[in-house]
Each structure stands twice: as structure tokens, then as C-alpha cells.
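FYI, the numbering for the sequence shown is 1 to 254, going by my numbering.
Quick reminder that beta carbons are idealized off the backbone N, C-alpha and C, glycines included.
Treat the numbers as computed from the prediction; the structure is a model and nothing was measured.
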Amino acid sequence: MVKKSNKLLYVVIIPTLVIFFLLHTMPLLQGLFYSFTDFGGFGDWEFVGLNNYIEGFQDSRIIHSYFFTIGFSIVSTILVNIIGLLIALGINSNIKFSNTIRGIYFIPYMLGTLIIAYVFSFLFSQLVPSIGEALGIEFLQYNILGNQNLAWVGVVIVTVWQAAAFNTILYLSGLVTIDDSLYEAAEIDGASSFEKFRHITVPMIIPFFTINLVVSMKNFLMAFDQVVALTEGGPGTATESVSFLIYQGAFAEG
């Protein structure tokens with residue numbers, strides 16, 4: 001039985017490793033190799049050593065895209081985890097129609113990012129300024145996406161609004177694993193709601209927090225759709241992410 005199990009294991013693992021190597025590792029190594037050449041995608045090429053890296057670190061546009069992407073990812077990751085956890089705590093409490101509410105909160109995650117971004121683009125450019133003018137609030141009378149200093153805020157708002165649903169589901173998965181007897185024992189001991197949250201809830205969902213943190217940061221570092229639909233990297237180059245800059249360099253600028 002052991003030998004048969006081992007054979008089955010190899011039959012499953014080896015093809016998977018081969019596919020992973022061909023579709024992931026090999027292109028990665030190939031890209032790394034070409035980074036030391038002047039290869040432009042076709043034709044002949046020559047080795048240029050570290051020139052591409054030196055020029056990259058001297059390019060202010062590339063440096064700015066990295067700073068924007070990292071800052072955007074950190075802010076979005078913090079906000080999406082805080083909001084996701086708060087929503088999960090609210091839904092997990094004893095309220096009516098909790099299953100229905102879970103489905104409603106998950107709808108944004110099911111919608112296409114481009115669709116959501118285009119809708120919010122209309123809200124930022126038309127609806128919000130109209131409301132600002134009606135209420136006499138000067139700050140709301142301008143399209144935030146047209147402000148070079150504040151356009152990133154609009155991108156963060158849209159991204160967090162959509163991504164919070166996935167984080168909420170993961171936190172809910174963690175909350176349902178906590179035994180109610182722990183809360184009952186703490187309540188008998190006179191623990192407040194905050195103390196129960198601090199000493200029971202938080203330690204028990206740490207693994208889920210770690211998963212949310214890693215997945216969120218990974219997704220936000222690859223931000224592309226939101227930037228394309230909302231700002232196209234503008235105003236100027238204010239909201240150019242690394243992924244968007246790669247796309248621009250490859251398909252728009254040759």
C-alpha cells in the first residue's frame with residue numbers, strides 16, 4: 001500500500017512541477033536573463049550588464065511608481081483589514097438575516113474591477129461635486145481624481161471598497177472557529193466586550209489575520225485595473241503603479 005501511495009504521489013506531483021516550471025519558473029529565469037541584455041522583444045540582442053538596472057534606478061518615473069505602489073499597498077492593506085474585521089465582527093454577532101447580509105457584502109468582490117472603477121469615476125466626477133455644490137462644501141465640489149495630490153485617495157477608496165468583502169469572509173471563517181464557551185467564561189469573570197475582543201478574539205484569529213495581510217498586500221502590489229479605469233496613471237504620472245508602468249512601456253511606448 002505504501003509503494004502504491006508513493007507511485008500515485010509521484011504521478012500527481014511530477015506533472016504539476018513540470019507545468020509550474022514551464023509556465024512560471026522558466027519565464028521568470030528568461031526575463032531575468034534578458035534584463036542583462038538590450039533585447040527589445042524581437043531581433044538580435046547584446047549583453048549590457050547592469051546598465052538596465054542603473055538606468056532604472058536613475059529614472060524618476062520608475063522610482064515614483066515604486067513609491068506610489070508601496071505606499072498605496074500599505075495604506076490599502078491596513079484599511080481593508082480594519083474594515084473587513086469590523087464588518088465580520090458585526091455580521092458574526094447575533095443579528096437577524098446575517099446570511100443575507102453576508103451575501104450583500106460579498107457582491108462588490110464579484111463585480112468586475114473595471115466596472116466598479118468606471119462607476120466610481122462617474123461618482124467622483126459628477127455626483128460628488130453636485131452634492132458638494134448643493135451643500136456648499138467646497139472640498140467636495142472638485143473631482144478628486146483630477147487632483148495630483150489627492151487622486152491616490154480615490155484609487156484607495158475604490159480598491160478598499162471592493163476588496164473588503166474577501167477579507168470579511170476570511171475573518172468570518174476565523175470567528176466561527178472560536179468556541180462560545182470561551183466568551184461565556186470570560187463574561188462570568190466580568191470581562192468587558194473590549195477585553196473579550198483583546199484576549200480571546202484577537203489571539204484566536206491571528207492566523208486569519210496573517211493570511212489576509214499577505215493576500216491583500218500581494219494583490220495591491222499588482223494594482224492595475226483600478227489605475228487604468230480611474231486615472232490612467234494621472235494626473236500626469238501621479239498614480240502610475242509598477243504594473244501600469246510596465247504595461248505603458250511595453251504596449252504604448254514600445
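Grab the span of the alpha helix (DSSP H) containing residue i for me, first residue to last.
i: residue 61; result: 60-92
i: residue 210; result: 206-221
i: residue 27; result: 26-34
i: residue 248; result: From DSSP, residue 248 is part of no alpha helix (DSSP H); its letter is neither H nor E.
i: residue 238; result: Counting along the chain, residue 238 falls outside any alpha helix (DSSP H), and DSSP gives it neither H nor E.
i: residue 48; result: Where residue 48 is concerned, there is no enclosing alpha helix (DSSP H), given that its DSSP letter is neither H nor E.
i: residue 23; result: No alpha helix (DSSP H) contains residue 23, which DSSP labels as neither H nor E.
i: residue 225; result: 225-230
Using the Cβ count rule (16 or more neighbours within 10 Å means buried), how would you classify residue i?
i: residue 11; result: exposed
i: residue 81; result: buried
i: residue 225; result: buried
i: residue 134; result: exposed
i: residue 55; result: exposed
i: residue 18; result: exposed
i: residue 117; result: buried
i: residue 205; result: buried
i: residue 41; result: exposed
i: residue 16; result: exposed
i: residue 181; result: exposed
i: residue 1; result: In this prediction, residue 1 scores a pLDDT of 46, lower than 50, which makes its location untrustworthy; the coordinate-derived value is nonetheless stated afterwards. Classification for residue 1: exposed.
i: residue 128; result: buried
i: residue 212; result: buried
i: residue 193; result: exposed
Measure the CB-CB distance between residue i and residue j and report whether it falls below 8 Å.
i: residue 235; j: residue 141; result: no
i: residue 102; j: residue 95; result: no
i: residue 52; j: residue 35; result: yes
i: residue 76; j: residue 156; result: yes
i: residue 145; j: residue 130; result: no
i: residue 33; j: residue 109; result: no
i: residue 241; j: residue 227; result: yes
i: residue 230; j: residue 158; result: yes
i: residue 152; j: residue 239; result: yes
i: residue 48; j: residue 59; result: no
i: residue 69; j: residue 250; result: no
Just confirm the distance between the C-beta atoms of residue i and residue j, as a whole number of angstroms; I'd bet it's less than 8 Å.
i: residue 171; j: residue 220; result: Not really, about 18 Å apart at Cβ, beyond 8 Å.
i: residue 87; j: residue 164; result: 7 Å
i: residue 169; j: residue 201; result: 17 Å between Cβ atoms; not a contact.
i: residue 83; j: residue 160; result: 7 Å
i: residue 62; j: residue 245; result: 7 Å
Kindly indicate if chain B contains any beta-carbon less than 8 Å away from that of residue i.
i: residue 171; result: In the structure shown, chain B does not exist; there is a single protein chain.
Residue ranges of each beta strand (DSSP E) run of no fewer than 3 residues wholly in the region 123-195, ordered along the chain? none
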